[in-house]
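Residue numbers for the sequence shown follow numbering that gives the first Met the number 0, so the first one is 0 and each next one is one higher.
One structure is given here, and the rest of the page talks about it.
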Amino acid sequence: MDVIFSLVSPAGLALACSIAILAGLIKGMVGFAMPMILISGLSSFLPPEIALAGLILPTLATNAIQALRQGPRAALHSVRRFRVFLGIGLAFLLLSSQLVTVLSVPVMLALIGGPVALFCVMQIAGWRPHLAGGANRGLEAAVGSVAGFLGGMSGVWGPPLVAYLTAIDTEKREQIRIQGVAYGLGAVALTGAHVVSGVLNAQTVQFSALLLAPALAGMWIGLKVHDRIDQAMFRKITLWVLLIAGLNLLRRALMG
């Protein structure tokens, strides 16, 4: 524990676990948002590099559960259907992950907070992009590149994918599943990439491991709540929480 407390105080660790529970809860209810909540919450009192390291293992574990909830065969079907997004996204994720230690803190926070806030504002305002022709490989590649670029630096690559899946009217169960597959593959790549970048090391991996239990507990509760309470209301609450988180990151980027 001495290593952990050299990174974060006991009070900070308790707060980090509470944030992980909240992130897991919302992840269980709507299928995404864990990295955004973790990076926003943790970076409010920790350096961005430690906050990013902290979200890696909880994200890896919860996405594996989400991707495989309907079984490996269904997950493989989703991989084949969205292979362009996955391939391009992973390539950009690996490339951009090496910029974490190069970019200044304000730039990094702005690159995370801006897309999150914009996505939430569009959704809360009721705008739902629609592609009458369905899936478009060119657009899928473009969305994958944007999502991967942001994901490599911040661990957050959900909003572009969610917007694209909504635009092509993806069936609800498959939309949740492909999110788990995409985020899971991205989490595996992110783990390897940040071992190379030095963000995930012998010290920070212990902090990330400590957040596993609260994140999984939160996700278990979220799945139970999802089965019992109207999802639309929780989705609205989630968007408002994410909007506040994104605006807070922008505030920190602009004001320090």
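Idealized CB from N, CA, C, for every residue including glycine.
Quick caveat: nothing in here was measured; it's all calculated off a predicted structure.
Note to self: Is it buried or exposed, Lys26, if we count other Cβ atoms within 10 angstroms and call 16 or more buried?
What the structure shows: Taking the sequence shown and counting its residues from 1, one reaches residue 26 at position 27. When all chains shown are included, Lys26 counts as buried.
Note to self: Any heavy atom of the ligand ZN closer than 7 Å to the beta-carbon of Glu139?
What the structure shows: Ligands are entirely absent from the displayed structure, and the ligand ZN is therefore not among its contents.
Next item on the list: Could you tell me how far apart the beta carbons of Pro105 and Ala252 are, in whole angstroms, since I believe they sit closer than 8 Å?
Entry: Walking along the sequence shown from the start, residue 105 turns up at place 106. Walking along the sequence shown from the start, residue 252 turns up at place 253. In this structure, Pro105 and Ala252 form a Cβ contact; the two beta carbons are roughly 4 Å apart against a cut-off of 8 Å.
Check: Is the CB-CB distance between Asn247 and Ser103 below 8 Å?
Finding: Taking the sequence shown and counting its residues from 1, the one referred to as residue 247 is at position 248. Taking the sequence shown and counting its residues from 1, the one referred to as residue 103 is at position 104. Contact flag unset, no.
Margin query: Just to confirm the assignment: which complete alpha helix (DSSP H) runs, minimum length 4, are found wholly within the region 41-92?
Written below: 47-66, 71-80
Note to self: For Leu318, tell me which candidate among Phe233, Gln202, Ser42 has the shortest Cα-Cα distance.
What the structure shows: Since the first residue shown for the chain is 0 and the last is 255, residue 318 is missing from the structure and cannot be characterised.
Margin query: Using 8 Å for Cβ pairs, my map puts Ser207 next to Leu56. What's the rounded Cβ distance?
Written below: For the purposes of this step, residue 207 is identified with residue 208 of the sequence shown, where counting begins at 1. For the purposes of this step, residue 56 is identified with residue 57 of the sequence shown, where counting begins at 1. Ser207 to Leu56, Cβ: 4 Å. Contact.
Item checked: Sequence-distant residues of the same chain with beta carbon closer than 8 Å to His193, five excluded per side -> Here residue 193 refers to the residue found at position 194 of the sequence shown. Answer for His193: Leu51, Ala52, Ile55, Ser96, Val99, Leu199, listed in chain order.
Note to self: At the level of alpha carbons, what is the spacing between Val101 and Phe148?
What the structure shows: For the purposes of this step, residue 101 is identified with residue 102 of the sequence shown, where counting begins at 1. For the purposes of this step, residue 148 is identified with residue 149 of the sequence shown, where counting begins at 1. Using only the alpha carbons, I get a separation of about 14 Å.
Item checked: Beta-carbon proximity check, Ile180 vs Ala74, cutoff 8 Å -> The sequence position of residue 180 within the sequence shown is 181, counting from 1. The sequence position of residue 74 within the sequence shown is 75, counting from 1. The residue asked about is misnamed: residue 180 is Val in this sequence, not Ile. For Val180 and Ala74, yes; Cβs fall inside 8 Å.
Check: Do you know offhand how far Arg68's Cα is from Gly30's?
Finding: To locate residue 68, count along the sequence shown from 1; it is residue 69. To locate residue 30, count along the sequence shown from 1; it is residue 31. One C-alpha to the other measures close to 12 Å.
Margin query: Taking the straight line between their C-alpha atoms, what separation do you get for Ser77 and Gly143?
Written below: Within the sequence shown, numbered from 1, the residue matching residue 77 stands at position 78. Within the sequence shown, numbered from 1, the residue matching residue 143 stands at position 144. For Ser77 and Gly143, the distance between alpha carbons rounds to 15 Å.
Note to self: Mapping the DSSP letters down to three states, classify Leu210 as helix, strand or coil.
What the structure shows: Start at 1 with the first residue of the sequence shown, and residue 210 comes out as number 211. Reduced to three states, the DSSP call for Leu210 is coil.
Checklist line | Separation of Ile228 from Val187, as counted between CA atoms | finding: As a working note, residue 187 is residue 188 in the sequence shown. As a working note, residue 228 is residue 229 in the sequence shown. Rounded to the nearest angstrom, the two C-alpha atoms are 32 Å apart.
Check: Could you give the residue range of the alpha helix (DSSP H) that holds Gln178?
Finding: The count along the sequence shown starts at 1 and reaches residue 178 at position 179. For Gln178, the enclosing alpha helix (DSSP H) covers residues 171-196.
Check: Alpha carbon to alpha carbon, what distance is there between Phe4 and Phe118?
Finding: By 1-based counting over the sequence shown, the position of residue 118 is 119. By 1-based counting over the sequence shown, the position of residue 4 is 5. For Phe118 and Phe4, the distance between alpha carbons rounds to 35 Å.
Checklist line | First and last residue of the uninterrupted alpha helix (DSSP H) at Val29 | finding: Here residue 29 refers to the residue found at position 30 when the sequence shown is read from its first residue. Here the alpha helix (DSSP H) through Val29 covers 9-29.
Checklist line | Euclidean distance between Cα positions of Ile36 and Gln122 | finding: Reading the sequence shown from its first residue, position 37 is the one you call residue 36. Reading the sequence shown from its first residue, position 123 is the one you call residue 122. Rounded to the nearest angstrom, the two C-alpha atoms are 17 Å apart.
Check: Cβ of Ala214 within 8 Å of Cβ of Ala22?
Finding: Translated into the one-based positions of the sequence shown, residue 214 becomes position 215. Translated into the one-based positions of the sequence shown, residue 22 becomes position 23. For Ala214 and Ala22, yes; Cβs fall inside 8 Å.
Notebook entry, point to check: What are the boundary residues of the alpha helix (DSSP H) that includes Ala166?
Noted result: Locating residue 166 in the sequence shown gives position 167, where the first residue counts as 1. Here the alpha helix (DSSP H) through Ala166 covers 157-166.
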